[in-house]
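Using my numbering, read the sequence shown as starting at 54 and increasing by one per residue.
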Amino acid sequence: TLFIDSQNVGSYLRDTLVADKIQTQDEAILEIYRRLRPGDPPTLDTARTLFNNLFFNPERYDLSRVGRLKLNYKFYKDDKDKV
Numbered sequence: 054t055l056f057i058d059s060q061n062v063g064s065y066l067r068d069t070l071v072a073d074k075i076q077t078q079d080e081a082i083l084e085i086y087r088r089l090r091p092g093d094p095p096t097l098d099t100a101r102t103l104f105n106n107l108f109f110n111p112e113r114y115d116l117s118r119v120g121r122l123k124l125n126y127k128f129y130k131d132d133k134d135k136v
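Next comes the structure, spelled out in C-alpha cells:
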C-alpha cells in the first residue's frame with residue numbers, strides 16, 4: 054500500500070511507479086509529448102509548450118477561479134502573479 058497525501062492507493066499505482074524508468078521532469082515531458090504526438094519528433098521546447106498549453110493555459114483549460122487558484126498554489130507557490 055502506498056500513502057499519498059493521506060490517501061490509500063492500491064498496488065497498481067505502486068507497480069506503475071516501480072516500473073517507470075523516467076528520472077527527470079524533462080524526460081517526463083518528452084514522454085508525454087511522444088505519446089500525444091507520436092509522429093512528431095520531440096524537442097524539449099515544443100514538448101513544454103504543448104504541455105503548458107494543455108494544462109496551464111487559462112483560455113483553453115477552464116478551471117474556474119477557485120480551480121485556477123488551487124493549481125497555481127500547487128505549482129507556482131513562490132510566484133504570486135500567476136493566476
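Each residue gets a CB set at the ideal place from its N, CA and C atoms; glycine is no exception.
Taking C-beta separations shorter than 6 angstroms and ignoring five residues to either side along the sequence, the partners of residue 83 in its chain run 95 and 100, following chain order.
Around residue 90, the same chain offers 103 as residues with beta carbons nearer than 8 angstroms, after the five sequence neighbours per side are excluded.
For the pair residue 116 and residue 124, the CB atoms are nearer than the 9 angstroms cut-off. In this chain, the alpha helix (DSSP H) harbouring residue 80 covers 78-89. One Cα belongs to residue 88, the other to residue 119, and the distance between them is close to 30 angstroms.
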